[in-house]
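Chemist:
Residue numbers (UniProt numbering), protein chains in the order written: chain F, 1 to 533; chain Y, 1 to 533.
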């Protein structure tokens, strides 16, 4: 079998936590953060070590022809065992990671992918597709024991930009490319995908497509779906490529069935993506609100205009305090415009009118004493740093997690209130300490919005993942009661299955099951996501 | 059984041709139009009469419980036999309409629909959903003989607006509502769907959704898909409703499988639709081009800006002459903006810059000597009148049809050239006369455009539909060679099946077949559209 794939950078990815191993907060920082959260430990949990895991021999061996693509190296296997949700990190810290795959494969071509799927189907080996490994919903972790062995199918060796059509602003890109590498290769052409999820550094195009990732834009085309022009999909029943089309009305969209299929129907190996000219004009502003309901009314007015701000983020008082945007109990609305076509000052001025009419106060400093663009930059740095801080708090035994949803405007106020009060009460009951439950709106639409919640609570020593599971069950029931989706852009994976099954219309469930059985007759593709294995 | 449903207006729909029976051109107008097309008849064909058709007794009888919903009235059956494509009109004029359904049902509730589907499944009766009957692709016409009988499922009695959410700008609407009735019922709320296909008067919400109709907007959200918030679908395997959500990342979009399913997977009985405030601000302009390639470059620049004109229609010289927009061989680009938020003069001015930079000449008269808004109004009247004129020409034995497609920008110039030359040559060969092949771009995207072709040719006496079939085969091969979709917004139906089957990726074909078999186990739902019966 092959050696573990050589890393493409001198930095090392953390096998158990977010991002780069060298970017984790040190012990002193962990202690300082922990002191802010009642009910945490006095000292940080030690960094978990792969050497401490019991990793048995692989339960399957690939044939000689596939051996060069496959490794059973323990470090490779351990680092492909789970995604990066809080419960993944907590389990790793407690020495209880999820099922460690038997093998990790690095295909280099569609042919490799097809051959691996064929072998897996014959042998009853589960195939778990793996892009950047940043799933926060159990999307890359095998559960159960219905398969003889588990193969993690890591697409990182398929990371080329194969073709760029500058006149049509599109590029043919392999699925395993990470966000920064993609933007690096588009930049010389003056083009950009402008898809910047929080996981940007550590997630791949294929992962974004398979999970219908939310990206850069707060309004309009918020989701990767709209930027996919054509997909190539390899399934156990054969491969196919949709035509490059700007739009088509020929039957149900073939791509839309595979967008969001989370590896259950096939492997997306490459895609033609719609790109944009890099924006030359930018402007942003912040508006503060004493009353959250006023802020909701204001942001709805902006969402229902045709101004289409690129950024339209509403932070509640807790979230504004946490990110430094305000410290006086105000909610803060941050509006940002960008354009490659024309200056955006007029659009910004028009967009700010609505919040002012709804009781807002213009904050020329962007909420933190610095000019608005600096505030946006600071927020962005904090945003990208957040998962590392989460892991530092996890080492202090805290429970730190986020979840997001979307609902129509009529349901938003009570939904947010109920999540705050019911998850807060559940946390107090589970841990004996008060918890922080903050909310921001990350994406807004004419007909509704996407609230994003952050929960920070003390834990129960050794039982942090179970505490989160208890809080999550409460949160899921609130969401279900308000008919708010179980996920706006984090995907379903395995963690959200209970709510997804309740939410999904039955005719679609029947169709999806039938499609799965037709494309994956041996049931080896990412078993357990979206559908039962 | 029931009497034929009472008409809801004093005007009578034409059973054989477009629209209202009283709006057809009279014989003198037909002769005048025919004189403009070489190779047509000297006198118009007589108006076809239902009484001249041989309509046998129905081959199936519904049970007593369903009888009140069903009629076997010959006029009702004849008027549900076909859609309104040129080949439908030509066949009616020649006394050879398509298969006349045995029964026409007018369900009043989801329960009625489910009961009818259950009976049809038990009896092997084909169910052809029927909204406004405006299909131009054989979408409402049964072909073949694999079923014991044919039931046309006319949804026009399910035409209520059930609920309006003004704060969230959405409405729950039954599928059988026609365009004007929908807008009438939304107007008191200050809201509009702004979906104005050419068939607006004679097509229904359910038909728009089932065929992924193209609507009002030339850029951005051009298609009904983006305005569907939630669908209710009744299938032989059960009914289901997707949640009202502004956006969701929970698995593949359930609605997107039924959008464009053309009645093959289930009956869309109602939908929550996203609405808009009625626009208060409008402005438009026209730019003329001596060279068509300059116009293409200009319209691409507009499409790649973020200005999002509501109207962005490029007429080639022939189309401009036909519609009166220019008479000097110029191509004409018509740009229109509208907004409920703010005046649009600045956006219009910015949008006109690109065409001027690409060799265009601003035409303050909008191309016809009248102010631009009047030109737009005149174009709209001509646009709505066009299908009636087509039927007048059809009575003169002419071949008059349109088809539309979409392709990426790199393919657009050669695609348009090849359609013009190859369809033109085929028409000359088939009829012995030169033909008119015009093109306009109806919708434009950053990565491509949707060309819409009009063909006007002399016929072969008594054989007009066969001539069109010959020309269509040539056109389809040009489209396929250029990887241009077989339809941008007219749907696949039965007429486009050959090209659709060649275009559809194989994994999606397998999934669609499996979904069809799961939801429609007896194979009675609109047999032959999208998939073989």
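Cβ atoms here follow ideal geometry from the backbone N, Cα and C, with glycine treated the same way.
Taking only beta-carbon positions, decide if residue 250 of chain Y is within less than 7 Å of chain F.
Modeler: It does: the Cβ of residue 250 of chain Y has a partner Cβ on chain F nearer than 7 Å.
Chemist: With distances taken Cα to Cα, identify the nearest neighbour of residue 469 of chain F among F/88, F/64, F/114.
Modeler: Closest by alpha carbon: F/88.
Chemist: Given a cut-off of 7 Å, decide if residue 152 of chain Y and residue 80 of chain Y are closer than it, judged by their beta-carbon atoms.
Modeler: Cβ distance < 7 Å, so residue 80 of chain Y and residue 152 of chain Y count as in contact.
Chemist: Excluding the five sequence neighbours on either side, which residues of its own chain have a C-beta within less than 6 Å of the C-beta of residue 174 of chain Y, listed in chain order?
Modeler: The residues are 158, 159, 160, 270.
Chemist: If you follow the alpha helix (DSSP H) that residue 272 of chain Y is in, where does it begin and where does it stop?
Modeler: Counting along the chain, residue 272 of chain Y falls outside any alpha helix (DSSP H), though it belongs to the beta strand (DSSP E) covering 267 to 274.
Chemist: Does residue 337 of chain F get closer than 7 Å to chain Y when you measure Cβ to Cβ?
Modeler: No, residue 337 of chain F lies away from the interface with chain Y (no Cβ there is under 7 Å from its Cβ).
Chemist: By Cβ distance, which residues of its chain are closer than 6 Å to residue 429 of chain F, with the 5 residues on each side in sequence left out?
Modeler: Taken in chain order, the list of residues that qualify is empty.
Chemist: Would you mind working out which of F/290, F/440, F/339 sits nearest residue 417 of chain F, comparing C-alpha positions?
Modeler: Selected option, being the one with the closest Cα: F/440.
Chemist: Check the C-beta distance from residue 19 of chain F over to residue 388 of chain F and give it rounded, since I have them as a contact under 8 Å.
Modeler: Indeed they touch by this definition, with Cβ atoms about 6 Å apart.
Chemist: Kindly indicate if chain F contains any beta-carbon less than 7 Å away from that of residue 549 of chain Y.
Modeler: In this structure chain Y extends from 1 to 533, so residue 549 of chain Y is not present and cannot be described.
Chemist: Among the candidates Y/499, Y/489, Y/464, whose CA atom is the shortest distance from the CA of residue 480 of chain Y?
Modeler: For residue 480 of chain Y, the nearest C-alpha among the options comes from Y/499.
Chemist: DSSP puts residue 204 of chain F in a beta bridge; with which residues?
Modeler: Note: residue 204 of chain F sits in a beta bridge opposite F/178.
Chemist: Can you pull the chain F residues whose beta carbon is under 8 Å from the beta carbon of residue 211 of chain Y, in chain order?
Modeler: Near residue 211 of chain Y (Cβ distances below 8 Å), the residues of chain F are 249.
Chemist: Let me confirm a value: residue 361 of chain F is counted as buried when at least 16 other C-beta atoms fall within 10 Å, else exposed. Which label applies?
Modeler: Burial call: exposed.
Chemist: Give the residues from the segment 487 to 507 of chain Y that approach chain F closer than 9 Å (Cβ to any Cβ), ordered along the chain.
Modeler: Under the 9 Å Cβ criterion, the segment 487 to 507 of chain Y contributes 487, 488, 489, 490, 491, 492, 496, 499, 500, 503, 504, 505, 506, 507.
Chemist: What residue from Y/24, Y/115, Y/472 has the CA that sits closest to residue 496 of chain Y's CA?
Modeler: The shortest Cα separation from residue 496 of chain Y among Y/24, Y/115, Y/472 belongs to Y/472.
Chemist: Check whether the Cβ of residue 515 of chain Y lies closer than 7 Å to any Cβ atom in chain F.
Modeler: Closer than 7 Å: yes.
Chemist: Should residue 95 of chain F go down as buried or exposed, given a rule of 16 or more other Cβ atoms within 10 Å for buried?
Modeler: Counting Cβ neighbours within 10 Å, residue 95 of chain F comes out exposed, since fewer than 16 surround it.
Chemist: Taking its Cβ as the centre, do 16 or more other Cβ atoms sit within 10 Å of residue 218 of chain F, making it buried, or is it exposed?
Modeler: Under this definition residue 218 of chain F is a buried residue.
Chemist: When the Cβ atoms of the segment 191 to 209 of chain Y are set against those of the segment 234 to 254 of chain Y, are three or more pairs found closer than 8 Å?
Modeler: Touching, no.
Chemist: So, helix, strand or coil for residue 456 of chain F, using DSSP?
Modeler: Reduced to three states, the DSSP call for residue 456 of chain F is strand.
Chemist: Under the criterion of a Cβ to heavy atom distance below 6 Å, does residue 484 of chain F qualify as lining the ligand FMN?
Modeler: By its list of ligands, the structure shown contains no ligand whatsoever, and the ligand FMN lies outside what it can speak to.
Chemist: Mind checking who residue 282 of chain Y pairs with in its DSSP beta bridge?
Modeler: Paired residues: Y/338.
Chemist: I'd like to know if residue 125 of chain Y contacts chain F, where contact means its C-beta is closer than 7 Å to some C-beta of that chain.
Modeler: So no, residue 125 of chain Y is outside the interface.
Chemist: For residue 198 of chain Y, go through chain F and note every residue whose CB falls closer than 7 Å to its CB, in chain order.
Modeler: What residue 198 of chain Y touches in chain F: nothing, since even the nearest Cβ is about 14 Å away.
Chemist: Listed from N- to C-terminal order along the chain, which residues in the segment 161 to 185 of chain F have their beta-carbon within a distance smaller than 9 Å of any beta-carbon of chain Y?
Modeler: So the close ones are 165, 167, 168, 169, 170.
Chemist: Taking Cβ positions only, does residue 306 of chain F come closer than 7 Å to chain Y?
Modeler: Closer than 7 Å to some Cβ of chain Y, the Cβ of residue 306 of chain F qualifies, so yes.
Chemist: At a Cβ threshold of 7 Å, is residue 424 of chain F touching chain Y?
Modeler: No, its Cβ sits nowhere closer than 7 Å to a Cβ of chain Y.
Chemist: When we look at the beta-carbon of residue 43 of chain Y and count the other beta-carbons within 10 Å, is it buried (16 or more) or exposed?
Modeler: It is exposed - the Cβ of residue 43 of chain Y has fewer than 16 other Cβ atoms within 10 Å.
Chemist: When DSSP labels each residue in this structure, what does residue 318 of chain F get in the three-state scheme?
Modeler: Helix, per DSSP.
Chemist: Quick one: grab the DSSP three-state call for residue 514 of chain F.
Modeler: Looking at residue 514 of chain F - three-state DSSP - the assignment turns out to be helix.
Chemist: Suppose you measure from the CA of residue 446 of chain Y to the CA of residue 295 of chain Y; what does that come to, to the nearest Å?
Modeler: Rounded to the nearest angstrom, the two C-alpha atoms are 15 Å apart.
Chemist: Would you mind giving the Cβ-Cβ distance between residue 450 of chain Y and residue 488 of chain Y, rounded to the nearest angstrom? I have them listed as a contact below 8 Å.
Modeler: Indeed they touch by this definition, with Cβ atoms about 4 Å apart.
Chemist: Within 8 Å, do at least three Cβ pairs link the segment 274 to 285 of chain Y to the segment 319 to 334 of chain F?
Modeler: Flag = no, the segment 319 to 334 of chain F and the segment 274 to 285 of chain Y do not touch.
Chemist: Taking residue 350 of chain F as the query, report the chain Y residues whose CB atoms sit under 8 Å from its CB, ordered along the chain.
Modeler: Ordered by position in chain Y, the residues that pass the 8 Å Cβ test against residue 350 of chain F are 341, 342.
Chemist: Residue 474 of chain Y lies in the beta strand (DSSP E); which residues open and close that run?
Modeler: Where residue 474 of chain Y is concerned, there is no enclosing beta strand (DSSP E), although the alpha helix (DSSP H) it sits in stretches over 464 to 481.
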